[in-house]
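Residue 88 in this note's numbering sits at position 84 of the sequence shown; the count goes up by one each step and never skips. Here a beta-carbon is modelled for each residue, glycine too, at the ideal position from N, C-alpha and C. A quick note: this is a predicted structure, and the numbers were derived from the prediction, not measured. First the structure, in the form of structure tokens, and then the observations on it.
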Amino acid sequence: GELNYEEEIVMLTLLKKKNVVANIELDENSELEALKVIANRAATKLDVAEQELKSGFFASGAQDAIIIGDEAVILHATSSAIAHPEAVIMSFAAPVLWGDDNSRVDIAVAIVLPVDADDEYQNMLNNARVAISDHIEELDSLKGSNAGLKTLWKEINR
5 GELNYEEEIV MLTLLKKKNV VANIELDENS ELEALKVIAN RAATKLDVAE
55 QELKSGFFAS GAQDAIIIGD EAVILHATSS AIAHPEAVIM SFAAPVLWGD
105 DNSRVDIAVA IVLPVDADDE YQNMLNNARV AISDHIEELD SLKGSNAGLK
155 TLWKEINR
């Protein structure tokens with residue numbers, strides 16, 4: 005049935021709270037372009053400054069991006085504007101060749117941390133590794149929709 009106005013507001017709030025964006029089309033298929041878009045979408049979802057995230061994700065993408073199952077990348081950045089770690093999960097419409105190994109990445113887990121949140125980062129990173137590994141067979145179907153990405157998101161943000 006049709007949702008009434010109040011239900012729609014509730015739905016929108018719930019969707020906004022779930023930080024997922026499926027099937028992002030990139031202007032060019034490169035790691036650099038992907039990193040820019042990841043910073044932009046994460047900043048928009050979390051309502052924090054994009055520039056701060058951009059420098060963090062760029063550093064993390066260059067040095068210690070973690071790639072799981074040859075198709076999911078986990079990146080992190082810090083933001084002075086948040087109090088608790090947040091993850092934003094995105095998928096790309098077409099795989100991006102990532103890193104020296106040219107992994108075909110089409111899922112990105114962007115973890116945004118408060119400054120000095122190392123323990124919390126390790127915790128969320130472990131959750132992300134486990135969530136992706138547990139669903140490795142299903143990633144192809146999960147990555148195609150926001151609902152699918154939410155499955156991963158719930159397991160990472162627990």
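So who's on the other strand from residue i, going by DSSP bridges?
i    : result
T82  : L117
W102 : S107
K94  : Per the sequence presented here, residue 94 reads as Met, with Lys not at that position. In the DSSP output, where bridge partners are listed per residue, M94 has V25, A112.
A76  : I72, I111
With a 10 Å radius around its C-beta and 16 neighbouring C-beta atoms as the bar for buried, classify residue i as buried or exposed.
i    : result
D144 : exposed
E35  : buried
L117 : buried
I78  : buried
S107 : buried
N8   : exposed
T82  : buried
S169 : Lying before the first or after the last residue shown, residue 169 is absent from the chain, which here runs from 5 to 162.
Whose C-beta lies closer than 6 angstroms to the C-beta of residue i among residues of the same chain, with five residues either side of it excluded?
i    : result
L156 : I93, A135
A85  : V52
D74  : S107
S64  : L79, H80
R162 : none
I42  : F61, A112, A114
I70  : I78
I140 : G73
E90  : L50, V116
Given residue i, which residues of its chain have a CB within under 8 angstroms of its CB, disregarding the five upstream and five downstream residues?
i   : result
A26 : M94, S95, K147, G148, S149, N150, G152, L153
Can you give me the start and stop residues for the alpha helix (DSSP H) that residue i sits inside?
i    : result
I160 : 150 to 160
I42  : 35 to 50
E54  : 54 to 67
L3   : No statement about residue 3 is possible, as the shown extent of the chain runs from 5 to 162 and does not include it.
How would you write the range of the beta strand (DSSP E) that residue i sits in, first residue to last?
i    : result
D136 : A quick correction: the sequence has Ile, not Asp, at residue 136. No beta strand (DSSP E) holds I136; the alpha helix (DSSP H) holding it covers 122 to 138.
Who are the near neighbours of residue i in its chain, counting only those whose CB is closer than 7 angstroms to its CB and skipping five residues on each side?
i   : result
A47 : A53, E54, L57
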